[in-house]
Every structure is written in C-alpha cells, then in structure tokens.
Amino acid sequence: MKTNPSDVFQRLRPTCVKLSSEPTRSNVRELRNAFDGVESSSLAKLTEYLLFPLQLTLQRNGISNELKQDVVDCIEVLLRKVKVDKLNVFDDLFNLLTVSLSAKEAGKVANISEELKLSIIRCLNSLINSSGLVIRSVIYRDRYLPSLGHAVSLLLAMAEQEKARNLQVAALSCLRKISFCDSQSLSDLRNGDEEQHDELGTPPEEHEMLVSVYDSAASTMASFLPGISMALTRIICGDPTQGHVVLSSSIDIFGDLVSMVMNDRYMDELDNSEDGILSKLSALVKLQAGSEIKEHQEKTEMYQKEQPTKTLKVNLNEEWFTTTAIKLQVLIEKLTSASISHSNWRVRLSVVKLCEKILSNCTKSMPKSTSLLVDILVGFLEDEYSQVSTESKAVLEYMSKNEIKNEQTSFSSVLEENLHYQLTALPRVMRTADDEKKLRTLNLLNGYIGLLGDRFSLLLTSTSHLKRLSLAFIQVLELDVSDVGIVEKKTSPMHESAVIPSDTHGQNPLSFPAGEVTADQYPRYPFRHFTDDKIRNALCHSCNLLGCHGNLALLVDHFLDLFQESEIHRKQVILILNEIILGSTQREKKFETKSGSVTEDFTNFRNTLKSLVEILLSMYTSEKNWNLCTSNSIETAEYTGITPAKNNTLQVSREPRSIHALSYKTLNSNIFLTCLLLEGIGVFACALGPDFDIFLIETLYLVLSKLGDSNAAVSRSAYGTLVSICQSCGYSSVEELITQNADYLVNSIAKDLKYVFINQQSPRVLQVMLQYSSPEVLAIIEDTLNDIFTVLDLYPDQIMISLVKVLNTLVCSLHKWFAGYKSKQQQAVKKQLIPKTHCSEEKLFLRLKEDDFVQKVKNNLQQYIKRKRIVLGEADIEEEDAAQDNKESEDEDLYSTDEKPKLPLHARYATQVLEKCIHFLSNSSFVLRILVLDTVYHGVLALKERENDLLPMIHHLWPPLMNRLNDKDQVVVIKAIDVITTMAECSGDFMRRRVIKDVIPRLLTYLNKQAEVSVKAGPVYTHSQAYKLQVASLKGLGRLCKQLEISELQLDAAACVCSLYLSCRQPVDLQQIALQIFEIFFTLEPDVMWLILNNMFCPQVPQPPHPMFAEVKLAGVKPECKEFASNITSLLRKLEEYPNPE
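Using full-length UniProt numbering, the letters of the sequence shown map in sequence onto residues 1 to 1142.
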C-alpha cells in the first residue's frame, strides 16, 4: 500500500523543525531513523524540505565534527533513496560538501577527522549517482568548471596526501564518478554498438543522450587532464608500501581518463566546434528538462556570449592532441616503470588494462606511445600469474588479428622495431641493470619472438638482424672462469664414482635405472653478468624459441662460423647451439595431425635435424675440440721421438716435451667447454630419440672416456649424457648400454692401445668398463688386458700411469666381485653333498657314520681273505705285500698329476698385476709409486682367500716393499706401512719373522726419534707430512703387534717407545692412538704393561703385604713424571678390568 506524501510530511515535519531549532546528534539520528520504512517516491517529493534542516545545520559555525558527520551520513541515506533532478538542489549540495571538505587556503583539505572526510566523500559519491543525465549535462559546461575543478583538486589532494587507505580509495572512486569515466559508462559507450544497446534494453533517445554527456565530459575533463594525470602518476610512483588497491584504482582511473579524452574519434571531429556539442545539449535539455533548467541554460549562453575569452576550457585542436600525447607518453613511461614489477598481480593486471584501453582507443591520437605499450604487454606474457599473462596474450592476439594501424606504422612493424631495440640494449642491460630489469628485458625478448612466430624466420634472413641477435646472446652468456675451485674439484678415488650417491640412492650409478636419476648431472655454469637461475632459464628459453621459430640450417651455419672465428666465444656458441636444437623439438607439435599420421613436412624436418646433428657431432668430437686439457697433471704430457718397434707398436722417447702449466682460467674454460660438448650430445639424443642409435658408434666410446676424467664436473657431465642417451634410445640403465655395445667398445680400446701415446683416452674407457661392469666383462676384455701386461714396460712413466690405473681398477673390481669366493664354493660343494630330500644335519651325520662302518667291514673282509690264502698256502706273505704295494702304487698313479690345478680367471689376473707391480715399486715417478702401492694393497685383498697364490707373491714383493720404507717421499712411506700391515693381516704368521726383523725396528727407531720433535712442536705441526707419517707408524705398529703376537722382549721395546706418546705435551691424536695401542698390549702381556706404566708414573706406591717383604721402589714417583699422569691413570683403571691370561 502506497504511503500518502501528506502523511509522510506530517510525520517528518516535527523532526525537521526540531532539528532546525536544536541541531543535536540525537535529532539527526531521529530524522535518519525516520527515513526507514518510507517509500522512495514519497521522499522524492519532499527532498528539498528534508535537505533544508540538514544543510542549515551543516552551515552553522561551531558545531562538532561528530555532528557534522552525522548530518552528512543522514544526507547520504536520503540521496540513496531519491533522485536529484533539480540543478539548484544539486548545485547547493555539491558546493556545500566541497566547501566543508576544503580549508581556507586554496587547494588544501580541511583539518577535520578522517571519519568526516570519508563521510563527505561517500555523500558526494551518492549525490553524483542520484543525479540524472540532465544534471550531468550541465555540470560539464564551462560555467561549472570552477566548482568541478575545486572538487577534483580536493579529491586528488586527499588521494595523494591522506594516510588512511580507505580514504584514498574512496577519494579515487569519487573522482572516477565525477569524471564520468567509470567502467560501466565506458563499457556502454566505447564502441557505440547499437545492437549491444538494443540487447541491454537502452532506448535510442537515452543512448544518444548518454553519448552526448560522455562527449561533453571528455571535452571538459580535457582541461583537468594534466593535473589529474600528474597527480595520479605521483601516487603510483610514490610510497611503495601503500596498498595495491590504491595503485590499481589510480592506474584504472588514469587509463579510463586518457582513453576518454584522447579518444581517436575526437581526432576525426576536430572540424566540429564546441557549439555543435552545446546545440546537442540544448536539444537534450528541451526534451527532458523543466522550465528552471531552461532558464539556467539561457543564462549560461548569455554568460558565454558576454565573456567568450574567459572560458576555462581548452581548445581541442590537433596541436593540443599532439602536445598532450607527448606529455602523456612521459607520464606513462614513468608510472609503468614503477608498477610493472609490483609484487601484487592485481597492480600488474591494471597496467595491462591501461595498455589495452589506450591501444584500443588512442592509437591515432597517441601514436608514439604504441611501441611502449606493446612493449609492456609483451613483457607480461611471461608473468608468473596466469591472470596477467592470459590477459596480455588476449590483448596482443586481438591486436595482431585486427592489425591495428596508425599513421606511422603497423603492429607487425612495431614488434620488429621493438625486438631490434631489445637486442641492441640487451648486453648493456645485462652488464648494468639489476636482476629484476634483466629478467623483464629477457621476457620482452621472448615475447616478441613468440608473437612474430613464423615471421621471425624471415626476419633472420636480414644479415644485420642475425648478427645483432647472435652477438647479443654471445655477450650475455659469457661464463665466469675465475673460480679456482672448479679445477680443484676432482673425482673420488679411482675405485669410486664421480656421481653423488644421493642422486642414485647410494646404488651403482651405471646399474641404476636411468629414468630414476634424481638430479641433473651437468654443472651449474657461473655466468659473468648474472647469478639468478630465473635469468638463465629465460635466456635458455630465448634460445629455444630461436630453434622453434627460426631457420635451423641458417642458425646452425651462422653459429658454427662464429665458433671458428674466435676461441673466446666457443663456450657461448656451444651453449646456444644446444638450446637451439632442444627448442627445435617444439616444432613437432606443428606437424601433429588429428589422425596421428606422419606428414611429409614432419619427415623433411626430421631428416634436416638428423643432418644438422651429424654436422654438429663431427665438430663436437673433433680432435681439436674434444681432447682439451683439463688439468696440469703429468698424464697430459706430450711426447716426441715416435719410432716403429719390433712388437708391432711404436717406441716413444722417454723425454717429455717441455710443457708450460696452463693458468687455472684456461683450465676452467676447457672444463666448461668439455661439459657443454657432453651436454650437447645428450641434447642431440633427446632431440632425435631412438634415431640417435646410428650415432652411438661415434659417441659412446668418447663419452665413456670423459666419464673417467679426473675432473669431477667433466665426469658428472659424461654420466648425465649417458643417462640422456639411455632415456632416448630405450636402455634401462647405463650398464645395459655398455653391455649391449661392449664388442664395439673393446674393439676400439684394442685399436687405440696400440698407439696409446696418441689415444690416451683408451685406458680411461677400459677403466670405466672395469669400474662399473659385472664379472662377465673379464672374458670380453681378456685379450686387451693381456696386451697391457705385454706392453706395459715399453712406455714412459706418464703413459704408464694411465695403464697402471687400469690395473688398479682391475684389482679393486676383483676384490669387490669375488669377495668370499672360496666360502661360496664350499657352500656350493656342501649343497651337492646334501641329498635332494633336504635331510637334516643329524640324518647326514648318521649317513656318513654308516659309510665308515661299511668301509671297516670291507677292510676286515679283505684281511680275512688275505690270511686265509696264506694259511691254505695259495700265497706267501711277501707276494701279498708286493701285490698290495703294486695296487697302492697303481692307485697313486691313477690319481696323481704333474700339472697344478688351473687358476681361476680372477686369481690369475690378480697374480699378474702383482707380478708387474714388483718392477714398478722402485720407479722414479712419485705418482706412480703411490699408485703401485695402492694396487698392491687391493691385489693382496683380492688374493686373501688363496694363500697358495698370495704367499709367493708376498715373498717376491717383500724386498722392493722394504725399500719403500726408506723412500724420500713421506707419503710413499705412509702408504707402504699401510700395505705391509695389510699383508701381515692377510698372510697370518707367514710374515712374522720378516716383520719382526725388518719392519718393527724401523718403526720403533722413527717413533722414538720423532717423539722428541712432536713433544715440542706447536699446532702447525699437525698439518705436516712428518706428523702424518708419525700417526701411520703408530697405527701400523699397533696392528702388527696385535696380528703377530710378538714376544715379551719385543713387546717391552715397543711399549717403551709408545709410552713416550702418553705425555700430555704430545698432540692429542697421538695420545689417543697410544692409548689404543696399550689396550692391545694389555691382551698380550698385562703384567709387563703394569710394570712399564708404573715406572712411567705411579699414582699409588705399592705397599708390601708383610713387613718381611722389602718395599718396591718404582721410577714413576718422581715429580717430572706428572706429564704422564692423566693417560697412565686411565690405562691402569682399564688394566684392572683385564683378566689374567693364565
């Protein structure tokens, strides 16, 4: 039921009168509450009456801010319910609110509470929303410019200066409403599509009126555009900690206002004067305004005729558009540079929308900004948030399809020009800018290449473009070779892998499934101009795009020329070529068909790719590029004086060519280049897939040679390449790859070994095969190993080191493969004795017992028959004894043999290796002596279970091994002590007499002499070789005494020497080792040890059990023995726990 307006008036009149006479907060709230439940139509007729007491109260002087806020809130509630259709009401209320918000100083905001400011802004917003199009058509005229400008300046000041975020957002929202550039209006008017408005149900007259108001607003806001745009730019470029809502709102308003004022359709209407717009508005007013509006319009026209030169509106001519576009370009550059890298994706999305608005509406009026805006959109294509990247891509695709053009250039030309500019600036940016700008520049580059697509291939036909592109990438991808740690990082010992155990879960890397390798084996290349992985990935993506959209043959040919031109650029060129080939695989998606059939274009592409890979492989694996020096070790020496020899090999001079040590930077460069070449082979395998099988015969042998390289980075890169080959060619593991191609590998090794001084990689390959293969490989490489044994003595020391490394790996593998071989054989024999019924041990014992009983019965019967024949006279005793002896001799001849049982293959190899080591133990090369001693160590362990073969070899090795104890290099002596102790542990009592006679006296003499040195030495001494030899000698003495159980006299001498190291003045490690040795001695002669320790230090003088016994005086009671107190006291406590050996 509708409410009667008179009834409403009678109900609200007392409250209004009361408020006019008594302006209090309670009265304002009472009036506000009275609005509830009243229909909007009834309130609309009473709008002026209801606003009068509220306006009167707001104009009073001396009222509080709280009362003003309540009044403004009440006005806002009323404006939400009614429509303001009278200009005087709008004018009075608008001016009242803006005056309440402003200070006495021009352009300053009043010093009032933030709550009141927020209420006034909300009320202004509601006032504009409640005003109709007729009112808006008037406020955008010249007469209203001062009031409108005042409001705009206040809102901008609040948005820029206020600290409260909600207040800033409200001010910006109100500014959007006043400017008539809110999103709803723009979406309705931008294209002017009549069908769209018909669908929305907008009448034609209203649509025409809306367009007229929009044009009038655009013309009016042109006067405020400089101030608004500059203020918004200051807000955007201001405090970076301000909320993203403020920044997003500012960017949105900037874009809406610029696209409204600088719209291209106004460029086409420059001939039309402002009178045309005014005439449209006049016609509009005649249709919908009342008599008061007509009167106000006539006054306005009269005012303009009287003062035509005092108008505040700008003249929208071509010169103004040109000048404004230039100034706006500066502001756009400034605000976008501050916001394109903002951490919040909503701000970046607002920038994308800003670009879309200007490019869609202002390409003619702002032609010079097109390139910049496209640049920004392309940069957002690689944004980490899909909302931003998707929106950017959609805008660029729309522009590309419609080929938006302006008077100067087309969209395609803009892309090409921007790409050329980015390539030119890329080296400078990478050298001087921060990581954020570098990444953005690379994203721009990738975006332009992706947008150009197939047109990029045509662009590369230009020599200048191709040269600029290649040089830019080469300069940017320069590697940093100044880290000395790259050269120093070596592989693990010879019998271990260079692959990190965590990558293969601790399993054998070559038998580990290739598809489960958890880490990238290629090194992290340190680049000179950046360190962030995101930048590296962006650069690699750029190179991938070259391979995807460029001419492959042209690119490969061009970069190969650059590779040959300069050695400085080789690493960068290889890296670029690898990524180009990897990126070319993305082209296969273009050839996919719905039916899955292979097209002719796809076949041609694969053939081209194969031919290019073949060319690159021939260049990668050439002698000049592949065999680079990666260390200054003596193994890399070159030799002259090559002459034929009688044994079908070549004789090499023992004198090495004079070699200059390479700098670590050169070595680093060679290491990185080698790793990149290996990575390239892995990339080729990934690109070709199973088709790479045809190239295995050229690459597998070479890659395996790098797997055995001494540098860790090269070795791990080789393993990564082998894993890539396995994954591409269908091998389950690297071990399977080697096994399937073992015949080819062994054949290549055998050929290269004949000229090992030229092909020094063959020992590496053989070493790798032994290191990671199974025992079955011994049968395959038997001839090759025999060749090594034959020619080992013919080569100089440096080449001999490579060959002895093979023997070292051989005995290490033998020890690993055949550990417990004898026990396994015994178990196999025992299993054969056990019947198939799987009887228990008790049944087996009973069965063996029954066999003994049967044999005894048989012997007794034979003796009975013999005696019976003698008794019967059929034979005498001598004949029977002779017959028995003949029978026994026949049995012995039947089972005896002159030949020894044939050695197993692994034992024969271990014996041969040890025989060769006898001659090399006294070699002049320090490295070779160490390597030979290590080989002897593992060879002894390999023969540990075969005493008949081990003991003769120890006998032959003993004399040269003793000489190593007097070696001039202490490292050799340390290794020799370790080998001797291992021999003693493996041979039992066989070496007891020799060790006691030759080894222990030397150790005791050295330890006794060195104790005087170490007791006076400082902390630096623990880093010397003499200290390490001292530690090895002490440990070796303890191991030998424990193993050989030496006599009391010899034990006494050893204990006396070791007791010197119980002094607290000795290094801590030596004290700990001495304590461990005495614990070994306790198990041999505890009583002797008690006496020796108490003679060193006696913590408690022993008392005679009876006066008849004389008192025992020990030397350990002297004051100078206090330095042994701590260690000897702890040993004596432990000695009490040991039982008496009797």
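Cβ atoms here follow ideal geometry from the backbone N, Cα and C, with glycine treated the same way.
- Each residue's CA atom was taken as its position, placing Ile738 and Pro763 some 16 Å apart.
- For Ala910, the enclosing alpha helix (DSSP H) has its first and last residue at 905-920.
- For Val979, the CB contacts under 7 Å within the same chain, skipping 5 residues up- and downstream, are Leu933, Val936, Tyr937, Leu961 in chain order.
- By the C-beta density criterion, Val330 is exposed, having fewer than 16 other C-beta atoms within 10 angstroms.
- Counting every other CB atom within 10 Å of its CB across the protein chains shown gives Ala942 a total of 16 or more, marking it as buried.
- Looking at the backbone, the Cα of Val723 and that of Ser710 are separated by about 20 Å.
- One Cα belongs to Leu814, the other to Leu700, and the distance between them is close to 25 Å.
- When C-beta atoms of the stretch 710-721 are compared with those of the stretch 745-752, fewer than three pairs fall below 8 Å, so the two segments do not count as touching.
- Pairing Lys1035 with Tyr1061, the inter-Cα distance amounts to about 12 Å.
- Within its own chain, the residues whose Cβ lies closer than 7 Å to the Cβ of Asp264, once the five positions on either side in sequence are excluded, are Asn361, Cys362, Thr363, Lys364, Ser365, listed in chain order.
- According to the DSSP assignment, Gln507 belongs to no alpha helix (DSSP H), since it is labelled neither H nor E.
- The DSSP-derived three-state label of Ser733 is strand.
- Beta-bridge partners assigned by DSSP to Val109: Ser102.
- For His1023, no alpha helix (DSSP H) segment is defined, and its DSSP state is neither H nor E.
- The C-beta distance from Leu628 to Leu673 rounds to 6 Å, short enough to meet the 8 Å contact threshold.
- Residue pairing by DSSP places Val84 opposite Ser131 in a beta bridge.
- DSSP lists Lys490 as the beta-bridge partner residues of Asn711.
- By the C-beta density criterion, Leu554 is exposed, having fewer than 16 other C-beta atoms within 10 angstroms.
- Around Gly730, the same chain offers Pro690 as residues with beta carbons nearer than 8 Å, after the five sequence neighbours per side are excluded.
- Looking at the backbone, the Cα of Ile120 and that of Ser131 are separated by about 16 Å.
- Excluding five sequence positions before and after Gln572, the CB atoms of its chain that fall closer than 6 Å to its own CB belong to Ile474, Leu477, given in chain order.
- Annotated as distal: Ile574 and Leu546, with beta-carbon spacing of 8 Å or more.
- Inter-residue distance for Val352 and Gly447 is about 15 Å (C-alpha atoms, whole angstroms).
- By the neighbour-count criterion, in which 16 or more other beta carbons inside 10 Å mark a residue as buried, Lys997 falls on the exposed side.
- At the C-beta level, Tyr719 and Gly680 stay beyond 8 Å of one another.
- With contact defined as three or more Cβ pairs closer than 8 Å, the stretch 983-998 and the stretch 1039-1054 are in contact.
- When the beta-carbon positions are compared, Ala514 and Ser259 stay at least 8 Å from each other.
- The alpha helix (DSSP H) runs lying completely inside the stretch 516-567 and spanning 4 residues or more are 533-549, 552-565, given in chain order.
- Arg524 counts as exposed, since fewer than 16 other beta carbons sit within 10 angstroms of its beta carbon.
- Residue environment: Gln1010 is assigned as buried (16 or more neighbouring CB atoms within 10 Å of its CB, all protein chains considered).
- If you check the CB distance, Ser389 and Phe380 come in under 8 Å.
- If you ignore the 5 residues before and after Met430, its C-beta comes within less than 6 Å of the C-beta of Lys438, Val476, His529, all in its own chain and listed in chain order.
- Pro1104 sits in coil when the DSSP states are folded into three classes, being neither helix nor strand.
- Boundaries of the alpha helix (DSSP H) harbouring Glu1048: 1048-1059, taken from the DSSP string.
- In this structure, Arg346 is the residue among Asn402, Cys355, Ser40, Arg346 with its C-alpha nearest to the C-alpha of Ser386.
- Counting C-beta atoms within 10 angstroms of its own C-beta, His1023 has fewer than 16 neighbours from the protein chains shown and is therefore classed as exposed.
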